[in-house]
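Peer 1: Below: one structure in structure tokens.
Number of protein chains: 2
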Amino acid sequence: MSVDEHRSTPVPPTLHDVAREAGVSLATASRALNGSTRTVNETFRRRVLDAALRLNYTPNLSAQAVAKGLSSTISLLVSDIADPYFSSIAAGAIRAADEQRIATTMAVTHRDHERELELVRVLRGQRPRAIILTGSRWDGVASEHRLSDELAAYESTGGRVVLVSQRTLPFATVQLGNATGARELARELVGAGYRRFAVIAGDDRLLTSRERVSGFAEGLAEHGIAIHPSRIVRAEFTRDGGRQGAAELLQLGLDDVDLVFAVNDVMAIGAMSAFRAAGLRLPEDLAVAGYDDIATSRDVTPALTTVAVPLEAVGEHAVRLALDPATDSSTTEPVGATVLLRESTPPRT
Amino acid sequence: MSVDEHRSTPVPPTLHDVAREAGVSLATASRALNGSTRTVNETFRRRVLDAALRLNYTPNLSAQAVAKGLSSTISLLVSDIADPYFSSIAAGAIRAADEQRIATTMAVTHRDHERELELVRVLRGQRPRAIILTGSRWDGVASEHRLSDELAAYESTGGRVVLVSQRTLPFATVQLGNATGARELARELVGAGYRRFAVIAGDDRLLTSRERVSGFAEGLAEHGIAIHPSRIVRAEFTRDGGRQGAAELLQLGLDDVDLVFAVNDVMAIGAMSAFRAAGLRLPEDLAVAGYDDIATSRDVTPALTTVAVPLEAVGEHAVRLALDPATDSSTTEPVGATVLLRESTPPRT
DNA sequence: CTGTTAGCGCGTTCAA
DNA sequence: TTGAACGCGCTAACAG
Numbered sequence: 035m036s037v038d039e040h041r042s043t044p045v046p047p048t049l050h051d052v053a054r055e056a057g058v059s060l061a062t063a064s065r066a067l068n069g070s071t072r073t074v075n076e077t078f079r080r081r082v083l084d085a086a087l088r089l090n091y092t093p094n095l096s097a098q099a100v101a102k103g104l105s106s107t108i109s110l111l112v113s114d115i116a117d118p119y120f121s122s123i124a125a126g127a128i129r130a131a132d133e134q135r136i137a138t139t140m141a142v143t144h145r146d147h148e149r150e151l152e153l154v155r156v157l158r159g160q161r162p163r164a165i166i167l168t169g170s171r172w173d174g175v176a177s178e179h180r181l182s183d184e185l186a187a188y189e190s191t192g193g194r195v196v197l198v199s200q201r202t203l204p205f206a207t208v209q210l211g212n213a214t215g216a217r218e219l220a221r222e223l224v225g226a227g228y229r230r231f232a233v234i235a236g237d238d239r240l241l242t243s244r245e246r247v248s249g250f251a252e253g254l255a256e257h258g259i260a261i262h263p264s265r266i267v268r269a270e271f272t273r274d275g276g277r278q279g280a281a282e283l284l285q286l287g288l289d290d291v292d293l294v295f296a297v298n299d300v301m302a303i304g305a306m307s308a309f310r311a312a313g314l315r316l317p318e319d320l321a322v323a324g325y326d327d328i329a330t331s332r333d334v335t336p337a338l339t340t341v342a343v344p345l346e347a348v349g350e351h352a353v354r355l356a357l358d359p360a361t362d363s364s365t366t367e368p369v370g371a372t373v374l375l376r377e378s379t380p381p382r383t
Numbered sequence: 035m036s037v038d039e040h041r042s043t044p045v046p047p048t049l050h051d052v053a054r055e056a057g058v059s060l061a062t063a064s065r066a067l068n069g070s071t072r073t074v075n076e077t078f079r080r081r082v083l084d085a086a087l088r089l090n091y092t093p094n095l096s097a098q099a100v101a102k103g104l105s106s107t108i109s110l111l112v113s114d115i116a117d118p119y120f121s122s123i124a125a126g127a128i129r130a131a132d133e134q135r136i137a138t139t140m141a142v143t144h145r146d147h148e149r150e151l152e153l154v155r156v157l158r159g160q161r162p163r164a165i166i167l168t169g170s171r172w173d174g175v176a177s178e179h180r181l182s183d184e185l186a187a188y189e190s191t192g193g194r195v196v197l198v199s200q201r202t203l204p205f206a207t208v209q210l211g212n213a214t215g216a217r218e219l220a221r222e223l224v225g226a227g228y229r230r231f232a233v234i235a236g237d238d239r240l241l242t243s244r245e246r247v248s249g250f251a252e253g254l255a256e257h258g259i260a261i262h263p264s265r266i267v268r269a270e271f272t273r274d275g276g277r278q279g280a281a282e283l284l285q286l287g288l289d290d291v292d293l294v295f296a297v298n299d300v301m302a303i304g305a306m307s308a309f310r311a312a313g314l315r316l317p318e319d320l321a322v323a324g325y326d327d328i329a330t331s332r333d334v335t336p337a338l339t340t341v342a343v344p345l346e347a348v349g350e351h352a353v354r355l356a357l358d359p360a361t362d363s364s365t366t367e368p369v370g371a372t373v374l375l376r377e378s379t380p381p382r383t
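Quick mapping for you: the protein sequence lines, in order, are chains Z and R.
All residue numbers for the first sequence refer to this note's numbering, where the first residue is 35 and numbers rise by one.
All residue numbers for the second sequence refer to this note's numbering, where the first residue is 35 and numbers rise by one.
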């Protein structure tokens, strides 16, 4: 039937096949199937569509991208897709991209700067409409400059860059209001009667960690409360990091602490596990608060007090920013955060 | 300097630009940069590489794909990327794909058959090396046939299909051993002293749900225990579904039940929340077990008894299967499951 | 080992 | 409105 039968490697039908099958020219077939200006006779149109259906034709997106010099994909970089923080953002991003019929390519950096830079280079090869970088930016990390250069080069050749994090690089950014959220959390906790705090933070070069810690400290300072530096420990931005931070705090002694703020929920949950393993009753012996409001936060016992970040909306937003031609690199979209007081921080009488 | 300066739309440098800059032919530049057989003079090679670096050149992957008729991407379909079950599989898949320097395009079906079918059609346009479908297959759903046809068409034109689920379609499949895992869970639970069970299942056409329920029932039957049909409720495969299932069970009355098995952890956790809200103490008043061993399971209180599925490994495995040319469609890779008895099902004396 | 040339599948001019 | 011809960026013969 088809020419493919005698070929060794099977191959998808091309527009050429469709045109031949329909008895029209390549151009007509192209116009009937993918043309923007639908200036094609209804009869021919029908014939082409039928032929395409009969052949089970699917346009080769790569070829289209080459021909029009414009691809229909975006690239999304995350630190760790199994982390609910990033998978929520990804969910929103994929949905928004999907609405515009563009595909999302995902890549994972594992919080490795060099890897991130390398991925940007590789992904540029896809000529995506946009590259979205999620995850905290770093301070004092040399590769940030190279990353910035790479992204600038990409943007200078027609690409769009959107960051979901801090605006430390000159690109459109969805800012997360970490300082504000943490400050508000501190206020509410003081309002609930807490006075003596410890913090499990992340690497100090991690701006998200820094912003949350300083925002929290500011909120306390408004009430004349200070956190002793020795009560701020640093650990990895993961559940295990939270456990280790808690262990360190336990070793330091927690007699003069009534609430531990972990800079994200994943760490907070790890910390809760460690505290409990050490024999502490939560929240009676110790209160814990986190940040992000990942799904698990409401399911742990006691339910975790945290700051809700509309993660899926953030992802959608980033894509809209990326795909909206009007957006320029100086765009900064702040996203609000909401304090959620739950059982892990009961009011102190 | 460059011709782009006078152009309205900025454009990335092409191989042509690099060749000109290096003073060599297009072919030489191609060979030096991307050629497999590195039969190129070291001097020229240097010159080309330098030029590429100077121009910040990145090969256009779409063009490469068109030229060699082979793309460097795979497509991964998941039901819901924010669900830890799927994000874990995705993490493994992305990692494995990455190792082979191929990019992963993600799409989300939201458990909608029509959408899934449509996505397969769209994704075929990318000419991915492989399409990986994760998520339970359905029984008695008409679109399954059309999906199968679509996938067959894709495979007949050189693509590869891998399913992560049940082998109900004639494609390479990573099978999850749901029945076995559930049977083993039932045995262990009986061994722990439980005798009276209820089940929160999913849609009965969802094979994953069916397999887990029937496997569980089989395990009980070995000990002469049966589950009364009225003690099996059905709900959505989500946390809210779990809540609703629990609510239904509560309404039915749980006096004659000492353990509730929810067919996945997400539902089990939702159910725990609902049971607790209804005033039940867990696990004293009621034991609960789930399936999948998502990260949250060990963080809830009481820690959830479940069946561990090596999700990330499953994802990696699916990609290897997809990319290994030796694999044929009849390949079936079973994956073991491990019962994890935790505090939500303490031994009954 | 190098350069020339002909494609890959498709969009889009330009005449007809 | 249609079709022929060219170009997109790149690879893969082919000849030198």
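Beta carbons are placed, not taken as given, at the ideal position from N, Cα and C, and that holds for glycine.
From a predicted model like this one, the values you see are computed outputs, not experimental measurements.
Could you give the C-beta distance for Z:L357 and Z:A164, rounded to a whole number, given that I count them as a contact under 8 Å?
Peer 2: 7 Å
Peer 1: Strictly below 9 Å CB to CB, what residues from chain R border Z:S122?
Peer 2: In chain order: I115, A116.
Peer 1: Select from Z:A360, Z:E350, Z:D114, Z:S170 the residue whose C-alpha is nearest the C-alpha of Z:Q200.
Peer 2: Closest option to Z:Q200, judged by alpha-carbon separation, among Z:A360, Z:E350, Z:D114, Z:S170: Z:S170.
Peer 1: Starting from the beta carbon of R:T330, find every residue of chain Z whose beta carbon is closer than 7 Å, and list them in chain order.
Peer 2: T330, D333
Peer 1: Nearest to R:A347 by CA position, among R:R129, R:T92, R:K102, R:A235, is which residue?
Peer 2: Comparing Cα-Cα distances from R:A347 to each of R:R129, R:T92, R:K102, R:A235, the minimum goes to R:R129.
Peer 1: Tell me where the beta strand (DSSP E) around Z:S109 begins and ends.
Peer 2: 107-112
Peer 1: Measuring alpha carbon to alpha carbon, tell me which of R:T372, R:T379, R:A352 ends up nearest R:R194.
Peer 2: R:A352
Peer 1: Determine which residues of the stretch 119-145 of chain Z have a Cβ less than 8 Å from any Cβ of chain R, and write them out in chain order.
Peer 2: S121, S122, A124, A125, I128, R129, D132, R135, A137, T138, T139, M140, A141, V142
Peer 1: Is there a Cβ of chain Z sitting closer than 7 Å to that of R:P162, yes or no?
Peer 2: No, its Cβ sits nowhere closer than 7 Å to a Cβ of chain Z.
Peer 1: Quick check: the Cα distance between Z:A329 and R:A85, rounded to an integer number of angstroms?
Peer 2: 50 Å
Peer 1: Excluding the five sequence neighbours on either side, which residues of its own chain have a C-beta within less than 7 Å of the C-beta of R:D238, listed in chain order?
Peer 2: Listed in chain order, the non-local C-beta contacts of R:D238 below 7 Å within the same chain comprise R244, R268, local neighbours out to five positions each way being set aside.
Peer 1: Among the residues of its own chain, which have a CB less than 6 Å from the CB of R:A446, if the five just before and after it don't count?
Peer 2: Absent from the structure is residue 446 of chain R, since the part of chain R shown begins at 35 and ends at 383.
Peer 1: What do you get for R:V175, buried or exposed, if any count of 16 or more other CB atoms within 10 angstroms of its CB means buried?
Peer 2: exposed
Peer 1: Quick one: which chain Z residues come within Cβ less than 7 Å of R:A99?
Peer 2: S96
Peer 1: Does the beta-carbon distance from R:D333 to R:L374 come in below 7 Å?
Peer 2: no
Peer 1: Near Z:I123, what residues of its chain come up, given a Cβ to Cβ distance below 6 Å and the 5 sequence neighbours on each side ignored?
Peer 2: T168, L345, V348, G349
Peer 1: Does Z:N94 pass the burial test, meaning 16 or more other C-beta atoms within 10 Å, or should it be called exposed?
Peer 2: Label assigned to Z:N94: buried.
Peer 1: With DSSP run on the structure shown, which of helix, strand or coil describes Z:R230?
Peer 2: coil
Peer 1: For the alpha helix (DSSP H) that contains R:S199, what are its first and last residues?
Peer 2: Where R:S199 is concerned, there is no enclosing alpha helix (DSSP H), although the beta strand (DSSP E) it sits in stretches over 194-199.
Peer 1: Identify whether R:D38 lies in helix, strand or coil by the three-state DSSP scheme.
Peer 2: Confidence at R:D38 is low in this model, with a pLDDT of 41, below 50, so the placement of that residue should be treated as unreliable; the coordinate-derived value is given next. If DSSP states are grouped into helix, strand and coil, R:D38 belongs with the helices.
Peer 1: By the DSSP assignment, the alpha helix (DSSP H) with Z:I128 in it spans what residues?
Peer 2: 118-133
Peer 1: Is the Cβ of Z:H40 closer than 7 Å to any Cβ of chain R?
Peer 2: Low local confidence applies: a pLDDT of 43 at Z:H40 is under 50, so the model's placement there is unreliable, and no value is given.
Peer 1: Just how far apart, CA to CA, sit R:E152 and Z:T73?
Peer 2: 26 Å
Peer 1: Residues of the stretch 68-93 of chain Z with a CB closer than 7 Å to any CB of chain R: list them in chain order, please.
Peer 2: Within the stretch 68-93 of chain Z, contact with chain R at the beta-carbon level (separation under 7 Å) is assigned to N90, T92, P93.
Peer 1: Is any beta-carbon of chain Z found at less than 7 Å from that of R:I234?
Peer 2: no
Peer 1: What residues in the stretch 170-194 of chain Z have a beta carbon less than 7 Å from any beta carbon of chain R?
Peer 2: A187, S190, T191, G192
Peer 1: Considering only C-alpha positions, which residue in the set Z:L320, Z:S363, Z:P381, Z:A281 is nearest to Z:T207?
Peer 2: Z:S363
Peer 1: Only counting runs of 4 or more residues, tell me where the alpha helix (DSSP H) segments fall wholly within the stretch 140-207 of chain Z, in order along the chain.
Peer 2: If we require 4 residues or more, the alpha helix (DSSP H) runs fully inside the stretch 140-207 of chain Z come out as 147-158, 177-190.
Peer 1: Put R:T383 into one of helix, strand or coil per three-state DSSP.
Peer 2: coil
Peer 1: Quick one: give me the first and last residue of the beta strand (DSSP E) that R:L60 is part of.
Peer 2: Here R:L60 belongs to no beta strand (DSSP E); instead the alpha helix (DSSP H) covers 60-68.
Peer 1: Given that R:V45 touches chain Z, what residues does it touch there, using C-beta distances under 8 Å?
Peer 2: Result: G103, T191, G192.
Peer 1: Check the Cβ-Cβ distances between Z:G159 and every residue of chain R, and say whether any is below 7 Å.
Peer 2: yes
Peer 1: If you measure between the beta carbons of R:V413 and R:V297, is that distance less than 7 Å?
Peer 2: An answer regarding residue 413 of chain R cannot be provided, because it is not within the stretch 35 to 383 covered by chain R.
Peer 1: Going by alpha carbons, who is nearest to R:H262 out of R:G287, R:A281, R:D274, R:T48?
Peer 2: R:G287
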